[in-house]
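In full-length UniProt numbering, the protein residues as written are 1 to 353.
Take a look at the structure:
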């Protein structure tokens, strides 16, 4: 396993920590897959007592316009006050949602594999970016600054950076920079019982609270972050929006007390997400016309929703690589194909994505 930087240093390292299956306004088989992944993760953490601060707390989805309320939901004043979103037009409560320290979860899994398998079965090499991938007869050669590696089967799991090795995916999996703030809760704030998400036009936000009290808030990104693949700086404008948005989004203080207009950020950071043009991950063998061939696989393009999708996508592609008819079957919408990529490119050129 080759990591370009340290372990879990990409989008998951943003550590927004929100595992929320997306169940609304979608074909039923997609939410079913995400809900099954949520249950898989929940059971995995419980069975192994993984210290990753997993808490199944449910999520309050804030709705900011009357149009968004038509299909549901909590709209009465008492219900909105109970869910601490009185300033919004409505809300939906979803019980299958959790907060989690994603970095700790990934590191536990890596450590468990390193301790449980000899080096010839599982070998993790960090700070080893793959700079080029070449087919050599029946195998693949990977160039890195530390030398070359040859393998019969290769899985590309670079998410936002997939096109660095598979150029045909340039306009199908797009890097998008997300920004996070760890905000200090006001002294008189009440602990949050749930997680929160909301959407205002093209701008979204998501909020969890760590056990120690810090409010982890992400989103509020601007359109200019689409196509950005650098995560070594923060956008001051987005940071200001993140520090100020909770005053109008979630009620932190007891009823009757005025919210702080701006909170103090203990930390601010960014991470790069991989957005798929058609909204679905790309999972499976890479056809030759897309730069692949026998033995080359991809699993990427989670469109900010990696936690309820990526784990079982990874299991599915691993079973494919081993030639097994496994227990995990991803939706056909996720499978890589030339036709699907062509449709994405045509839609993109027509300005529909």
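Here a beta-carbon is modelled for each residue, glycine too, at the ideal position from N, C-alpha and C. If you're wondering where the values come from, they're calculated on a predicted model, not measured in any experiment.
The Cβ neighbour count for residue 254, taken over all protein chains shown within 10 Å, is under 16; the residue is labelled exposed.
Counting every other CB atom within 10 Å of its CB across the protein chains shown gives residue 112 a total below 16, marking it as exposed. Secondary structure at residue 38: helix, using DSSP grouped into helix, strand and coil. As DSSP reads the structure, residue 196 sits in a beta bridge with 60 and 207.
Taking a cut-off of 8 Å on C-beta distances, the stretch 160-178 does not touch the stretch 194-212, as fewer than three cross pairs fall below it.
The Cβ atoms of residue 54 and residue 100 sit closer than 7 Å to each other. Your pair residue 179 and residue 234 checks out as a contact, with CB atoms roughly 6 Å apart and the cut at 8 Å. In the three-state reduction of the DSSP assignment, residue 183 falls in the strand class, which pools E and B. Bounds of the alpha helix (DSSP H) holding residue 349 are 338-349. Excluding its 5 nearest sequence neighbours in each direction, residue 242 has C-beta neighbours in its own chain below 6 Å: 181, 217 and 220, listed in chain order. Residue 276 is bridged by DSSP to 173.
In the structure shown, residue 100 adopts coil according to DSSP, grouped into three states.
CA-to-CA, the gap between residue 348 and residue 340 works out to about 12 Å. Here the alpha carbons of residue 45 and residue 58 stand approximately 17 Å from one another.
Contact check between the stretch 298-318 and the stretch 119-139: fewer than three CB pairs, one atom from each, fall below 8 Å, which does not count as touching. In the three-state scheme derived from DSSP, where H, G and I count as helix and E and B as strand, residue 142 is classed as strand. CA-CA distance, residue 192 to residue 326, rounds to 39 Å.
As computed with DSSP, residue 16 is found in no beta bridge at all.
DSSP places residue 296 inside the beta strand (DSSP E), whose first and last residues are 296-300. In the three-state DSSP reduction, residue 54 falls in the coil class, being neither helix nor strand. Only residues of its own chain outside the window of five on either side were considered, and among them 2, 3, 4, 144, 145 and 146 have a CB closer than 8 Å to the CB of residue 128, listed in chain order.
DSSP places residue 134 inside the beta strand (DSSP E), whose first and last residues are 132-136.
Residue 95 holds the alpha-carbon nearest to the alpha-carbon of residue 56 among 30, 95 and 33. When secondary structure is reduced to three states using DSSP, residue 286 falls in the coil class, being assigned neither helix nor strand.
Residue 245: not part of any beta strand (DSSP E); member of the alpha helix (DSSP H) spanning 236-249, first to last residue. With respect to the C-alpha of residue 214, the residue from 290, 38, 228 and 195 having the closest C-alpha is 195.
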